[in-house]
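Before any comments, here is the structure.
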């Protein structure tokens, strides 16, 4: 192309083809293939061969005399020439010949014009320099040319061809010492001259220093001559312009000096190793006869060693100090506050400086000899600290000074960590004033708290390093008096004080009580006061952390604090925290401090931790914190346990105050801690079964266990006797008890061999021991018989023949006996005590399992007791069941009293329980089934009392009285459970009048008829009402009849119960029939005074004033079954007839919601008391909840201003009415609901409807048809 068309040398397409195709392809080929294969022929540089790529290109393309080549083309040709020179020099010049070959001459001529000073393109010019640099690197070129090219490149500071110049120098610099004898000297001369002459040119200095840093090993031999000039150049560079590049160059120079020193040490070590080898060889040669013939070689080696020592001498101390101090200054640069890219780069440079300092300040380098000049750093700390403490200053200025303090303190910390220990004190003494100034530079400016925290953290790290690296004691830093005095003085901020003390006490825990106990205690007292005042405002989390840190500092030194100071800490710090703090973390550290105070008290003095421990227990009990904080409770109980286990602390007064905590320990889930508490509990109870039963029933106050299922501890008390018996088996003989009602191994043995019959047939073996020995003899004899018939084989190897003379039954019996004997042998090796701990833990993990075990265990123990002992326990059983200590167990799903009652039921001989007690336990302790079964069992033995003259007596016989109490309690229980069939059956047995059974029968038929069909529903209630009304009238006539007549009747207590049931049934019938006027009249009768009946009738009759008066009377004394109705009626009253004060306090619907929520809570409580199986008794609660929901919906309309008279006007009253009507349609009745419930809902909706009409009448008339549409369409 170039030969055919000379314009090719200017073609831009050819240039791009060379740039993007040819040169990359050749580069790829030279890297992966043999050079001769790529070039085409073997190396013959003097031959002209068109098959040789280099010959072809040199002869026809690179010859500048043949073409006028453009600059762009020349650049690519220079690139191509560099590729040829670097990869195939043997194809360009024959190294065996001194005369330059044609190809080398063409390449030199190609790049030679670039060395001239004529104006030309800079990229093209330095690409020519790059070509010549590659030629110099590969071939022997005249030294003048080498120096000319090097000087030209050294003075090239242009920015555009910067990369080309750098590449050229990187190739040429290593070649200069190789191409001339005094190459290092020439390099030094040129570089020094350039830096000195061009010192005003910052870019020239930067260029020279960058080149030196990259090739620091080349300049190693002349470093002593150049170092002063280099450091001066760095100084000029930093003074002229402190950019990131200049800073990076200065750091590079410092790193270069450090590498020089490291390289020097390495070379000296190698020389020492070599000299050792040479000395050994010289010794051998001296001994040889030819040693005298080689004097010249030894003299030459001495000269070489002298030159090496001159080259490898250390860098002068002046320069070392300059480099190290420069690194310290460069590392103290304060980056910008804003997280920009420049600030990140600055931070990286500072980290690099610190890493270099860590390297150069080692003991084997410059650590012991360098002289750090840190006066400027002390001045910087002092000035910044003073600026921060000044008032009326700009926030940006303060932020800058705080950042400067942070950076300076971090540098000092790093220097202390880096420097050898021998020189730390001498260097830190120069900085003492500045460090002390930082101790008092706390500022409270808004928005700068984060910076202050950072400065404080840096200061703490510095103090921590000083305590680690220098000599210290409980009195502080022994070698740094100024800093030590500054630390002991009170600081301006509590935050700084506590964190600094925390740092010091990590290394010297005794510092707090040795140097600053009084001031520190006052500071903590101030924190506690602020914390207590901020707890009510739900603030003070920072104060909480400070208090925790403070107590952590005091905790390990409590034992060393004087008693008076310890008392002050307890009264002014710990007591307010115990009483007021709501934070568990604070209470946790308080408990730990109290624990140490309790454990480290003097036996001869009053323990100051025990009163605090008692206060802790009382506070946790008052706030129920022991039920929520398991970890806190565990720590607290460890201390309580220590008090119980320590003799001089275990006083009666202390134990009485810690009694509740002791029972917390018995109920805790942690097995090891609970077992230790139980060990103390077990020691308080006699080691006898009867005494333990008596203690459980009479002596132990189970109220201390709160709602814990204490049956587990009862089981533990008896099973622990087995373990105690095992421990004392070598001592005196212990009393054993047979578990008659439990399945044991011996009882199984008795059943198998029918030992009861055997004992009856052989009465001579009446003694238990004789009988047992006789039995064993019998068994052994049977076993011997079997062995005689079966030989001497072991049982497992016995083969019973089919045709044996022995009967099959005897063989089977003998085999069973043998297996039983083996079982006894295995059982003899088994110890029950091995599994008892795991067994007890299993019992404590499950309430159901504990219940079943106690039922079996108690009934078995009861059967094994002697008669007089059972009599003693039976007399205490009724007071035990009715004791007030069991009130805390009421309404629990697993009540210990219910389990105890179940166990009593299985006892034989049986234990009689009073019916009233049974009724109480069944209703309050979730024992419905067992109590009903026991009462029904007694009721089955009672005859009918119809027309029984004993009921007409004022006082009946004891048997009759107990029978009546049993039946009365059964009636009450069935009525509570709405079991009307059983209710009717019991009344047939209990009723004196036949009319009672008849009326109840009519009433039940009316209730049952609801579920069948809603037709003629009132007929049964009418008959029941007529029967009851006539009976009541007849009884009233007989009561008022003259005394002495046959018709006269005295109302005895037995008859009074029946007559009250008539009144109740009559009121229920009237309620079902909707006769509210009759009910109102009945309720207002002085003999009845039924406020509940009056209130119920009042709201049905729309008499809200009467309802208000009735509620006022109910508020003073309300029956338990009227609790939810009281709240319900109150909400109704506020819905339809609110008073002025109701409107003035707050929104009506808010007050109504509060009353209805109270009613719901009462219904939920009542639901939990009923049996778990859903029955008719739960339906009345659901119906009441339905009515509550209706009233809740009505309160939405009540809140409208047209109804309530309040100010706020809702936006959409029509929408509220519509949502209510929609809810009515979706909530329909059920056929099983009684008519009274239907009547209540219907009556309430009528009131609600009137309220909606009243509301919409205040609106425009067009809304009235819409309302009728909502209700009737």
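In UniProt numbering, the protein residues as written are 1 to 1273. Heads up, the beta-carbon is just placed ideally off N, CA and C, and yes, glycines get one too. Keep in mind that this is a model prediction, so the values were computed, not measured.
- By the Cβ test, the region 107 to 116 is not in contact with the region 159 to 170, since fewer than three Cβ pairs between them sit closer than 8 Å.
- A residue is called buried when at least 16 other Cβ atoms come within 10 angstroms of its Cβ; residue 137 meets this threshold and is buried.
- In this structure, residue 129 and residue 152 form a Cβ contact; the two beta carbons are roughly 6 Å apart against a cut-off of 8 Å.
- For residue 645 and residue 600, the gap between their C-alpha atoms comes out near 15 Å.
- The secondary-structure analysis by DSSP pairs residue 476 across a beta bridge with 473.
- According to the DSSP assignment, residue 820 belongs to the alpha helix (DSSP H) that extends over 808 to 829.
- DSSP assignment within the region 199 to 261 yields the following whole alpha helix (DSSP H) runs of 4 residues or more, N-terminal first: 202 to 214, 223 to 240.
- The residue among 722, 486, 201, 475 with its C-alpha nearest the C-alpha of residue 436 is 486.
- Per DSSP, reduced to three states, the secondary structure at residue 660 is helical.
- The Cβ atoms of residue 374 and residue 353 do not sit closer than 7 Å to each other.
- Residue 927 sits in coil when the DSSP states are folded into three classes, being neither helix nor strand.
- Measuring C-alpha to C-alpha distances from residue 46 to each of 102, 310, 30, 254 identifies 102 as the nearest.
- When the Cα atoms are used, residue 679 and residue 984 turn out to be separated by approximately 54 Å.
- Between the alpha carbons of residue 813 and residue 675 lies a distance of about 46 Å.
- Distance from the CA of residue 189 to the CA of residue 95, rounded to the nearest whole angstrom, comes to 30 Å.
- Scanning the region 335 to 416 from its first residue to its last, the whole alpha helix (DSSP H) runs of 4-plus residues come out as 341 to 360, 375 to 389.
- Across the set 569, 631, 994, 928, the C-alpha of 569 shows the shortest separation from the C-alpha of residue 513.
- The way I'd put it, the region 679 to 688 doesn't touch the region 843 to 856; fewer than three beta-carbon pairs between them come closer than 8 Å.
- Inter-residue distance for residue 604 and residue 836 is about 42 Å (C-alpha atoms, whole angstroms).
- One thing to note: residue 503 has its Cβ no nearer than 7 Å to the Cβ of residue 462.
- Excluding the 5 residues flanking it on each side, residue 620 has same chain C-beta neighbours closer than 6 Å at 626, in chain order.
- For the alpha helix (DSSP H) assignment, the uninterrupted runs of no fewer than 4 residues enclosed by the region 1113 to 1193 are, from N- to C-terminal side, 1123 to 1136, 1140 to 1145, 1148 to 1169.
- In the same chain as residue 36, and ignoring 5 residues on each side of it, the C-beta atoms closer than 6 Å to its own belong to 42, in chain order.
- The beta-carbon distance between residue 408 and residue 332, rounded to whole angstroms, is 6 Å. This is short enough to meet the 8 Å contact definition.
- Note on geometry: alpha-carbon atoms of residue 878 and residue 914 lie some 7 Å from one another.
- Excluding the 5 residues flanking it on each side, residue 594 has same chain C-beta neighbours closer than 7 Å at 574, 609, 612, 613, 616, 639, in chain order.
- The beta carbons of residue 368 and residue 420 sit about 6 Å from each other, so the pair counts as a contact at 8 Å.
- In the three-state scheme derived from DSSP, where H, G and I count as helix and E and B as strand, residue 562 is classed as coil.
- For residue 541, the secondary structure class from DSSP, reduced to helix, strand or coil, is helix.
- Three or more beta-carbon pairs drawn from the region 544 to 560 and the region 574 to 594 are found closer than 8 Å, and the two stretches are therefore classed as touching.
- The alpha carbon of residue 1185 has as its nearest neighbour, out of 1124, 53, 79, the alpha carbon of 1124.
- Judged by DSSP in its simplified three-state form, residue 646 adopts coil rather than helix or strand.
- Per DSSP, the unbroken alpha helix (DSSP H) holding residue 1082 starts and ends at 1076 to 1083.
- Remark: C-beta atoms of residue 158 and residue 120 do not approach each other more closely than 7 Å.
- Rounded to the nearest angstrom, the gap between the Cα atoms of residue 979 and residue 928 is 12 Å.
- Rounded to whole angstroms, residue 212 and residue 219 show a C-alpha spacing of 7 Å.
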